[in-house]
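Asks: Structure in structure tokens, see below.
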Amino acid sequence: MSQFDRYTHYVERYSDVPDHCTIYGEHVPAMRAVMGGVLTRIETLRKEMREKTGTDPVDHCLARIKTEESMREKLRRRGFSETTEDALFKIRDAIGVRIVCAFLNDVYMIKDYLVRFEDYEVVDEKDYIRHAKPNGYRSYHMIIRVGGTYYVELQLRTISMDTWAALEHQMHYKKGTLENDALIASELKRCADELASTDVSMQIIRDMIREEGA
Amino acid sequence: MKLLLAEDTRDMNRALTAVLSHEGYDVDSVFDGEEALSHIRHDSYDGIILDIMMPKKNGLEVLSEVRAINILTPVLLLTAKAEVDDRVAGLDAGADDYLTKPFAIKELLARVRSMTRRRREYSVKELKYEDIVLNAERFELTSSNSVRLSIKEFELMQALILNAGRKLDTKYLLDHVWEKEDAQPDTVWLYISYLRGKLLAVDSRVIISGARGGSFQLTPGVGRDKT
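Protein chains in written order, with the working numbering: chain V, 1 to 214; chain Z, 215 to 441.
Structural data, given as structure tokens:
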């Protein structure tokens with residue numbers, strides 16, 4: 001069983017790169033281990049929560065190592081050299097984990113849980129949930145440095161934020177080719193604001209159910 | 215339905231109060247402009263009846279001050295026959311209607327019914343309070359972000375903004391936001407909780423104070439870290 005296989009059952013989708021991926025040099029196995037480590041920690045928390053409360057704070061996780069092609073493209077775009085050094089330490093999302101939660105508070109709970117580990121140093125943090133992007137995009141972004149070496153980009157969001165982002169991604173690709181660009185963009189923004197509102201309401205209803213049951 | 219009657223002539227005041235109470239209105243009656251203003255600032259009314267000629271502050275002054283502080287309660291002015299300029303000035307200052315003395319009680323009652331009915335249809339496009347904007351066309355609550363509200367959330371927020379600085383009890387909110395709909399005190403509490411969450415979600419500093427089943431009030435809140 002490879003290290004890859006060991007973690008696949010934790011995640012819905014897992015994108016890996018071949019061992020011989022040249023941009024990452026000899027680092028691929030170590031990068032996989034770091035990514036797997038994040039997933040294992042999340043899995044441990046989920047198990048604990050399931051046993052304690054009977055509910056799972058996480059709907060699903062996605063994990064990926066950036067493909068050679070898109071890493072090289074990003075290095076060029078950002079004006080860095082196409083070297084292993086820059087791919088690993090100038091670009092900070094070679095390793096990415098997305099954690100999708102059912103409820104708003106779970107997003108913050110998982111974040112708080114992860115930052116407590118001593119070998120995870122938070123180097124950047126952006127709360128696009130509290131401070132949504134102008135187009136309506138919402139997610140909690142965090143870059144951690146694991147054990148002083150590899151960076152991992154974490155994206156935490158709710159299911160509705162995830163659904164929205166998927167649709168926005170499609171729109172983004174077709175931008176400029178659509179007749180109603182502006183209309184679609186403003187309608188997407190409206191949907192983002194409605195979903196954000198519903199996320200808050202669902203959280204409050206869940207709190208109420210828990211209180212009444214207590 | 216709660217009315218404020220400001221009329222300095224004792225007999226007239228007493229008679230109107232009696233008639234309006236008999237019709238089922240909850241009436242507060244005062245005798246001068248300053249008293250009227252202080253009642254309007256501290257209580258919530260569904261309609262205000264203002265005599266123009268009053269001591270201390272006249273009806274027009276009261277009206278201007280009331281509108282200046284964003285209170286949109288409908289106002290019916292009572293004017294003497296000759297005061298054409300007053301009637302024009304009153305309507306321009308934000309009165310909803312006027313009635314010339316002497317008038318028939320029947321007509322007064324009809325005008326009160328009409329003005330309180332119109333109140334429900336009254337809406338401004340945008341209401342502002344501290345760092346929030348409530349947009350009535352889009353049902354949108356905005357501070358540094360925006361969210362879309364449901365109809366009842368919107369109406370509750372509107373009531374809170376229009377009465378900012380005053381405490382609104384659960385019963386008042388049930389009567390005015392939910393009216394004849396099937397709702398209970400916990401419905402109010404749930405919607406207050408929704409709005410609290412949504413104020414946080416748009417990153418506003420505004421707070422809704424108050425506890426389950428009690429009275430609620432919008433307050434500016436304190437600064438929070440902008441991270």
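Even for Gly, the Cβ is constructed at its ideal location relative to N, Cα and C.
Nothing here was measured: the structure is a model prediction, and the numbers come from that model.
(1) Whose C-beta lies closer than 8 angstroms to the C-beta of T441 (chain Z) among residues of the same chain, with five residues either side of it excluded?
(2) Measure the alpha-carbon distance for V123 (chain V) versus G96 (chain V) and round it to whole angstroms.
(3) By Cβ distance below 6 angstroms, which residues in the same chain neighbour M35 (chain V) in space, the five residues on each side in sequence not counted?
(4) List the endpoints of the continuous beta strand (DSSP E) containing V244 (chain Z).
(5) What's the C-alpha gap between L355 (chain Z) and Y140 (chain V)?
(6) Can you tell me whether F117 (chain V) is buried or exposed? The criterion is at least 16 other CB atoms within 10 Å of its CB, across all chains shown.
(7) So, is the C-beta of E179 (chain V) closer than 7 angstroms to a C-beta in chain Z?
(8) Since L374 (chain Z) and I422 (chain Z) are thought to touch, with beta carbons under 8 angstroms apart, how far apart are those beta carbons, to the nearest angstrom?
(9) Determine the closest residue to E297 (chain Z) out of Z:P288, Z:D396, Z:Y312, with distance taken between C-alpha atoms.
(10) So, is the C-beta of K412 (chain Z) closer than 7 angstroms to a C-beta in chain V?
(11) Between which two residues does the alpha helix (DSSP H) containing Q372 (chain Z) stretch?
(12) In three-state DSSP terms, what is T441 (chain Z)?
(13) Does the beta carbon of V107 (chain V) come closer than 7 angstroms to any beta carbon on chain Z?
(14) Taking only beta-carbon atoms, is V361 (chain Z) less than 7 angstroms away from chain V?
(15) Please return the same chain residues whose Cβ sits closer than 8 angstroms to the Cβ of A307 (chain Z), not counting the five positions on each side in sequence.
(16) Does the stretch 125–137 of chain V come within contact of the stretch 181–193 of chain V, defined as at least 3 CB pairs closer than 8 angstroms?
(17) Which residue comes first and which comes last in the beta strand (DSSP E) that contains G96 (chain V)?
(18) With DSSP as the reference, label M208 (chain V) as helix, strand or coil.
(19) Beta-carbon separation of R92 (chain V) and Y151 (chain V) under 7 angstroms?
(20) Considering only C-alpha positions, which residue in the set Z:H236, Z:R224, Z:F430, Z:S358 is nearest to P269 (chain Z)?
(21) What residue does the beta strand (DSSP E) around K342 (chain Z) start on, and which one ends it?
(22) Using the Cβ count rule (16 or more neighbours within 10 Å means buried), how would you classify S201 (chain V)?
(23) Is the Cβ-Cβ distance between D310 (chain Z) and P288 (chain Z) less than 7 angstroms?
(24) Rounded to the nearest angstrom, what separates R72 (chain V) and C101 (chain V) at their Cα positions?
Replies: The short version:
(1) Within the second sequence, the letter at position 227 stands for residue 441 (chain Z). Note that T441 (chain Z) scores 40 on pLDDT, short of 50, meaning its location in the model is unreliable; the coordinates nonetheless yield the value given after this. Taken in chain order, the list of residues that qualify is empty.
(2) The residue given as residue 123 (chain V) occupies position 123 in the first sequence. The residue given as residue 96 (chain V) occupies position 96 in the first sequence. Between the C-alpha atoms of V123 (chain V) and G96 (chain V) there is a straight-line separation of about 15 angstroms.
(3) Taking the first residue of the first sequence as 1, we reach residue 35 (chain V) at position 35. Result list for M35 (chain V): A63, I95, in chain order.
(4) In the second sequence, the residue the question calls residue 244 (chain Z) occupies position 30. 240–244 is the span of the beta strand (DSSP E), which, as asked, contains V244 (chain Z).
(5) Translated into positions along the second sequence, residue 355 (chain Z) becomes position 141. Translated into positions along the first sequence, residue 140 (chain V) becomes position 140. Cα to Cα, the separation comes out at about 21 angstroms.
(6) If you number the first sequence from 1, residue 117 (chain V) lands on position 117. Exposed, by the Cβ-count rule.
(7) If you number the first sequence from 1, residue 179 (chain V) lands on position 179. No, because no Cβ of chain Z sits closer than 7 angstroms to the Cβ of E179 (chain V).
(8) Your numbering for residue 374 (chain Z) matches position 160 in the second sequence. Your numbering for residue 422 (chain Z) matches position 208 in the second sequence. Rounded, the Cβ-Cβ distance is 7 angstroms, consistent with contact.
(9) For the purposes of this step, residue 297 (chain Z) is taken as residue 83 along the second sequence, with counting starting at 1. It is Z:Y312.
(10) Indexing the second sequence from 1 puts residue 412 (chain Z) at position 198. Closer than 7 angstroms: yes.
(11) Counting from one through the second sequence, the residue named residue 372 (chain Z) turns up at place 158. Note, Q372 (chain Z): alpha helix (DSSP H), 365–376.
(12) Counted from its first residue, the second sequence places residue 441 (chain Z) at position 227. Low local confidence applies: a pLDDT of 40 at T441 (chain Z) is under 50, so the model's placement there is unreliable, with the coordinate-based value given in what follows. In the structure shown, T441 (chain Z) sits in coil (DSSP, three-state: anything other than H, G, I, E or B).
(13) The sequence position of residue 107 (chain V) within the first sequence is 107, counting from 1. Answer no: the Cβ-Cβ gap between V107 (chain V) and chain Z never drops below 7 angstroms.
(14) Residue 361 (chain Z) sits at position 147 when you count from the first residue of the second sequence. It does; some Cβ of chain V falls within 7 angstroms.
(15) In the second sequence, the residue the question calls residue 307 (chain Z) occupies position 93. Cβ neighbours of A307 (chain Z) beyond the five flanking positions: L274, L277, S278, R281.
(16) yes
(17) The sequence position of residue 96 (chain V) within the first sequence is 96, counting from 1. It spans 95–101 - the beta strand (DSSP E) in which G96 (chain V) sits, taken as one unbroken run.
(18) Reading the first sequence from its first residue, position 208 is the one you call residue 208 (chain V). Of the three classes helix, strand and coil, the one that applies to M208 (chain V) here is helix, per DSSP.
(19) Residue numbering aside, residue 92 (chain V) sits at position 92 when the first sequence is read from its first letter. Residue numbering aside, residue 151 (chain V) sits at position 151 when the first sequence is read from its first letter. Yes, the Cβ-Cβ distance between R92 (chain V) and Y151 (chain V) is below 7 angstroms.
(20) Counting from 1 along the second sequence, the entry for residue 269 (chain Z) is found at position 55. Ranking Z:H236, Z:R224, Z:F430, Z:S358 by Cα distance to P269 (chain Z) puts Z:R224 first.
(21) Working through the second sequence from its first residue, we reach residue 342 (chain Z) at position 128. 340–343 is the span of the beta strand (DSSP E), which, as asked, contains K342 (chain Z).
(22) Position 201 of the first sequence, counted from the first residue, corresponds to residue 201 (chain V). Its Cβ being crowded by 16 or more others within 10 Å, S201 (chain V) is buried.
(23) Here residue 310 (chain Z) refers to the residue found at position 96 when the second sequence is read from its first residue. Here residue 288 (chain Z) refers to the residue found at position 74 when the second sequence is read from its first residue. In this structure, P288 (chain Z) lies closer than 7 angstroms to D310 (chain Z) by Cβ.
(24) Indexing the first sequence from 1 puts residue 72 (chain V) at position 72. Indexing the first sequence from 1 puts residue 101 (chain V) at position 101. About 31 angstroms.
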